[in-house]
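Participant:
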Amino acid sequence: MRFIIKIVELFLLFITTLFLLYLCLFFILRQLEKKPSMIRFMQSALTDGFGVPIDVEKIHFSFPLTVNLEKLKVENSLSKKCPSFFECSSIKFASRISPLHGLSFDVSLLEPRTSFELNRSRRLLLPLIEEGSNGEELPSLFSGKLAASLPIRTIFIQKGMIKVFSPNQTPFLMVEGIEEQEELDLKHQTTVSQGKATRVLLNSIPLIYNLQFSYQFSSRVFQNFDLVSRLSGGKLHLYLFNQSTIKEAKKKNLGWRLSSSGIKAEELFELLESHGCSSLSGLLHCNAEGSVNKLDLNAVEGKGTFEIVKGKVQNMALFDKLSHLLKNASMKTPEFDEWKGCFTIKEGKILFTDMSLSSNSFSLVGSGMVHFDRSMEMDLKILLHKTFFKGDLPELFLSKIKIPQNSVVSVPVKISGTLSDPQVAFVESYSLPRLSPSGSSLLTPSLISK
82 MRFIIKIVEL FLLFITTLFL LYLCLFFILR QLEKKPSMIR FMQSALTDGF
132 GVPIDVEKIH FSFPLTVNLE KLKVENSLSK KCPSFFECSS IKFASRISPL
182 HGLSFDVSLL EPRTSFELNR SRRLLLPLIE EGSNGEELPS LFSGKLAASL
232 PIRTIFIQKG MIKVFSPNQT PFLMVEGIEE QEELDLKHQT TVSQGKATRV
282 LLNSIPLIYN LQFSYQFSSR VFQNFDLVSR LSGGKLHLYL FNQSTIKEAK
332 KKNLGWRLSS SGIKAEELFE LLESHGCSSL SGLLHCNAEG SVNKLDLNAV
382 EGKGTFEIVK GKVQNMALFD KLSHLLKNAS MKTPEFDEWK GCFTIKEGKI
432 LFTDMSLSSN SFSLVGSGMV HFDRSMEMDL KILLHKTFFK GDLPELFLSK
482 IKIPQNSVVS VPVKISGTLS DPQVAFVESY SLPRLSPSGS SLLTPSLISK
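Using the working numbering, read the sequence shown as starting at 82 and increasing by one per residue.
Have a look at this one:
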């Protein structure tokens, strides 16, 4: 019995000694935290540990064992034009001890801001994932090597921001108001994260709002990314998932699924104005799925359907050319009830099939192909209703034309050129409607009964 009591006394003495040593160490650290030499030592240790220059303005130690680094900044050695890679108002390391995991840290990042240049040698694969040109691992946006170098269990992010610059140093993509929580399991090399963001700007134009996202890694390999948000007045759901096996992990073959509803088409097409589209209003609905094996538009494959309802076209080059071809000014800015179709994306082009547009005076049906370089080839059939000729033919002649109420005039048209400069032509000569000498009937083209 005395032996057991002696063991307990020794254990308590050992714990007390450790606690007193810790108090002494904590007191020394509190005295040194304002010393310039301590700040330089911490900067040097962080720089050596992470392999990139790191600057810290202030260090603060608090009980029981919490380290707070204020105004931390990481330089981007990969781009001289964009030197600020990462900066944060405050990074707090709070320690915790458990029988299962031993010593670990919870990390809180306040106002972390990441900015870097997007170019061919350094590609953004997914949020929080980066890879060098030779496949080497780089520091990720908010964690990555930080989590791999320390026994970190949880990362909290408050008021984060990601800014991606194009090679000409103009803001290309910006994500604001990031709130995120990452749960890490270093033993099994898994990461589970969920969070939200206030908005996303593309080319300095606010585009996506109220994001909610989650993503997962397993064995340091990306598994999935789920995003739900508001986009231009509608809803957007994007899901990315790893299609590769463990042996093929380096191929990074990603599958994707996208669905949207009630999106204001005019806000989206403002981004495409340089492609020859000035305005296209209406509500857009889209469902698509596919895959991509590298960050290259030509590597994107997929298929889906689209529908725009209650819309109007303005200043679109294609309809301007069709208006001149058919000698009808109303076709420049047509209002339509529905514009829908199917599409397939492969090898740098989009193939449209079963495409149709319906309005009061005419309809468009057909198929075609649009390349990512903006060139296109389409075969359309314009179905002209009787109301299409109002204002262009004398009312006396119009009343004599023998067009049944449920019939339309079919005009085949071939389209080539580019989105900004399309070329349109009749498939057959004299395809414009021509009256008989008596004005009582149409000579060409033929009528189609609905």
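Using N, Cα and C, we set each Cβ at its ideal position, and we do this for glycine too.
Owing to the predicted nature of the structure, the values given are computational and were not obtained by experimental measurement.
Grouping DSSP H, G and I as helix and E and B as strand, with all else coil, what is L282?
Facilitator: In the sequence shown, counting from the first residue as 1, residue 282 sits at position 201. Strand, per DSSP.
Participant: I believe G315 touches I344 by the beta-carbon criterion, under 8 Å. Please report the beta-carbon distance rounded to the nearest angstrom.
Facilitator: For this step, residue 315 is matched to residue 234 along the sequence shown. For this step, residue 344 is matched to residue 263 along the sequence shown. Indeed they touch by this definition, with Cβ atoms about 3 Å apart.
Participant: Does DSSP classify K375 as helix, strand or coil?
Facilitator: Translated into positions along the sequence shown, residue 375 becomes position 294. Of the three classes helix, strand and coil, the one that applies to K375 here is coil, per DSSP.
Participant: Go through its chain and collect everything with a Cβ distance to L361's Cβ below 8 Å, but skip five positions before and after it.
Facilitator: One-based indexing of the sequence shown puts residue 361 at position 280. Once the five neighbours on either side are set aside, the close Cβ partners of L361 are A346, E347, F350, I389, G392, K393, V394, Q395 and M397.
Participant: Closer than 6 Å by C-beta to S497: which residues in its own chain qualify, once you throw out the five before and the five after it? Chain order, please.
Facilitator: Counting from 1 along the sequence shown, the entry for residue 497 is found at position 416. Around S497: E458 and Q504.
Participant: If we call anything under 8 Å between Cβ atoms a contact, is T414 one with R455?
Facilitator: The residue given as residue 414 occupies position 333 in the sequence shown. The residue given as residue 455 occupies position 374 in the sequence shown. Cβ atoms of T414 and R455: not closer than 8 Å.
Participant: Contact check, L265 vs R234 under 8 Å by CB: the rounded distance?
Facilitator: Position 184 of the sequence shown holds residue 265. Position 153 of the sequence shown holds residue 234. Going by Cβ atoms, the distance from L265 to R234 rounds to 6 Å, so yes, they are a contact pair.
Participant: Going by C-alpha to C-alpha distance, which of M119, Q304, Y290 and S299 sits closest to S310?
Facilitator: Here residue 310 corresponds to residue number 229 of the sequence shown, with the count starting at 1. Answer by Cα proximity: Y290.
Participant: Applying the 10 Å Cβ sphere with the 16-neighbour rule, what's the burial state of R301?
Facilitator: For the purposes of this step, residue 301 is identified with residue 220 of the sequence shown, where counting begins at 1. So R301 counts as exposed.
Participant: My guess is that V451 and I431 are in contact by the Cβ rule of under 8 Å, so how many angstroms apart are they, rounded?
Facilitator: For this step, residue 451 is matched to residue 370 along the sequence shown. For this step, residue 431 is matched to residue 350 along the sequence shown. Yes, they are in contact, since the Cβ atoms of V451 and I431 sit about 5 Å apart, within 8 Å.
Participant: Report the rounded CA-to-CA distance for L206 versus P232, giving the unit in angstroms.
Facilitator: On the sequence shown, position 125 is the one that residue 206 refers to. On the sequence shown, position 151 is the one that residue 232 refers to. Unreliable placement is indicated for L206, whose pLDDT of 35 sits below 50; the coordinate value is still reported in the next sentence. Answer to the nearest angstrom: the Cα atoms are 26 Å apart.
Participant: Starting from E348, trace the alpha helix (DSSP H) both ways and give me its first and last residue.
Facilitator: On the sequence shown, residue 348 is found 267 positions in, with the first residue counted as 1. Where E348 is concerned, the enclosing alpha helix (DSSP H) stretches over A346 to F350.
Participant: Who does Q270 pair with in a DSSP beta bridge?
Facilitator: Stepping through the sequence shown from its first residue, residue 270 is reached at position 189. DSSP output for Q270 lists no bridge partner at all.
Participant: Just curious, the alpha helix (DSSP H) that K430 is in, first and last residue?
Facilitator: In the sequence shown, counting from the first residue as 1, residue 430 sits at position 349. No alpha helix (DSSP H) contains K430, which is instead part of the beta strand (DSSP E) from K430 to S439.
Participant: According to the Cβ coordinates, are R177 and S185 closer than 8 Å?
Facilitator: For the purposes of this step, residue 177 is identified with residue 96 of the sequence shown, where counting begins at 1. For the purposes of this step, residue 185 is identified with residue 104 of the sequence shown, where counting begins at 1. In contact: R177 and S185 (Cβ atoms closer than 8 Å).
Participant: Leaving out five residues on either side along the sequence, give the residues of the same chain with a beta carbon under 8 Å from the beta carbon of S480.
Facilitator: Numbered from 1 along the sequence shown, position 399 holds the residue referred to as residue 480. Low confidence applies to S480: its pLDDT is 48, below 50, so where it sits in the model is not reliable enough to give any reading.
Participant: On a Cα-Cα basis, can you pick out the residue from F298, S372, F174 and T271 that is closest to N319?
Facilitator: Taking the sequence shown and counting its residues from 1, the one referred to as residue 319 is at position 238. Residue identity check: residue 319 is Leu in the sequence provided, not Asn. Measuring from the Cα of L319, the nearest candidate turns out to be S372.
Participant: Could you check what DSSP says for Q395 in three-state terms: helix, strand or coil?
Facilitator: Reading the sequence shown from its first residue, position 314 is the one you call residue 395. If DSSP states are grouped into helix, strand and coil, Q395 belongs with the strands.
Participant: Using CA atoms only, rank isn't needed, just tell me which of G383, D136, S247 and W337 is closest to K154.
Facilitator: Indexing the sequence shown from 1 puts residue 154 at position 73. When only C-alpha atoms are compared, the closest one is D136.
Participant: Does DSSP classify T97 as helix, strand or coil?
Facilitator: Residue 97 sits at position 16 when you count from the first residue of the sequence shown. Correct three-state label for T97: helix.
Participant: Assuming S437 and S444 are in contact, meaning their beta carbons sit under 8 Å apart, how far apart are those beta carbons, in whole angstroms?
Facilitator: Taking the first residue of the sequence shown as position 1, residue 437 is located at position 356. Taking the first residue of the sequence shown as position 1, residue 444 is located at position 363. Indeed they touch by this definition, with Cβ atoms about 7 Å apart.
Participant: What residue range is occupied by the uninterrupted beta strand (DSSP E) comprising M450?
Facilitator: Stepping through the sequence shown from its first residue, residue 450 is reached at position 369. Unbroken beta strand (DSSP E) run through M450: F443 to H452.
Participant: Tell me whether S118 sits in a helix, a strand or coil according to DSSP, three-state version.
Facilitator: As a first step, residue 118 must be located in the sequence shown, where it is residue number 37. DSSP places S118 in helix when its eight states are reduced to three.
Participant: Look at the alpha carbon of P208 and the alpha carbon of L376, and state the distance between them as a whole number of angstroms.
Facilitator: By 1-based counting over the sequence shown, the position of residue 208 is 127. By 1-based counting over the sequence shown, the position of residue 376 is 295. Note that P208 scores 34 on pLDDT, short of 50, meaning its location in the model is unreliable; the coordinates nonetheless yield the value given after this. Cα to Cα, P208 sits roughly 13 Å from L376.
Participant: Roughly how many angstroms separate the alpha carbons of S340 and S247, rounded to a whole number?
Facilitator: By 1-based counting over the sequence shown, the position of residue 340 is 259. By 1-based counting over the sequence shown, the position of residue 247 is 166. Cα to Cα, the separation comes out at about 28 Å.
Participant: Determine the contact status of V256 and I243, defining contact as a CB-CB distance below 8 Å.
Facilitator: For the purposes of this step, residue 256 is taken as the residue at position 175 of the sequence shown. For the purposes of this step, residue 243 is taken as the residue at position 162 of the sequence shown. A contact, by the Cβ cut-off of 8 Å.
Participant: Terminal residues of the continuous beta strand (DSSP E) containing T414?
Facilitator: Along the sequence shown, read from residue 1 onward, the residue named residue 414 stands at position 333. Premise fails: T414 is in no beta strand (DSSP E) and is neither H nor E.
Participant: For the beta strand (DSSP E) holding R301, just list the boundary residues, first then last.
Facilitator: Residue mapping note: residue 301 aligns to position 220 of the sequence shown, counting from 1. Premise fails: R301 is in no beta strand (DSSP E) and is neither H nor E.
Participant: Taking L378 and G429 to be in contact with their CB atoms under 8 Å, please state how far apart those CB atoms are, rounded to whole angstroms.
Facilitator: Here residue 378 corresponds to residue number 297 of the sequence shown, with the count starting at 1. Here residue 429 corresponds to residue number 348 of the sequence shown, with the count starting at 1. Right, the Cβ-Cβ distance comes to about 6 Å (below 8 Å), so this counts as a contact.
Participant: Less than 7 Å between C-beta atoms, sequence neighbours within five positions excluded: which residues of the same chain meet that for L146?
Facilitator: Within the sequence shown, numbered from 1, the residue matching residue 146 stands at position 65. Contacts found: S176.
Participant: What's the C-alpha gap between T279 and L461?
Facilitator: Sequence index remark: in the sequence shown, residue 279 carries index 198 (1-based). Sequence index remark: in the sequence shown, residue 461 carries index 380 (1-based). Answer to the nearest angstrom: the Cα atoms are 42 Å apart.
Participant: Between which two residues does the beta strand (DSSP E) holding K561 run?
Facilitator: Within the shown structure, residues of the chain are numbered from 82 to 531, placing residue 561 beyond reach of any answer.
Participant: Helix, strand or coil, according to DSSP, for K427 in the structure here?
Facilitator: Reading the sequence shown from its first residue, position 346 is the one you call residue 427. Reduced to three states, the DSSP call for K427 is strand.
Participant: If the criterion is Cβ atoms closer than 8 Å, does the pair F322 and N305 meet it?
Facilitator: Residue mapping note: residue 322 aligns to position 241 of the sequence shown, counting from 1. Residue mapping note: residue 305 aligns to position 224 of the sequence shown, counting from 1. Going by C-beta atoms, F322 is nearer than 8 Å to N305.
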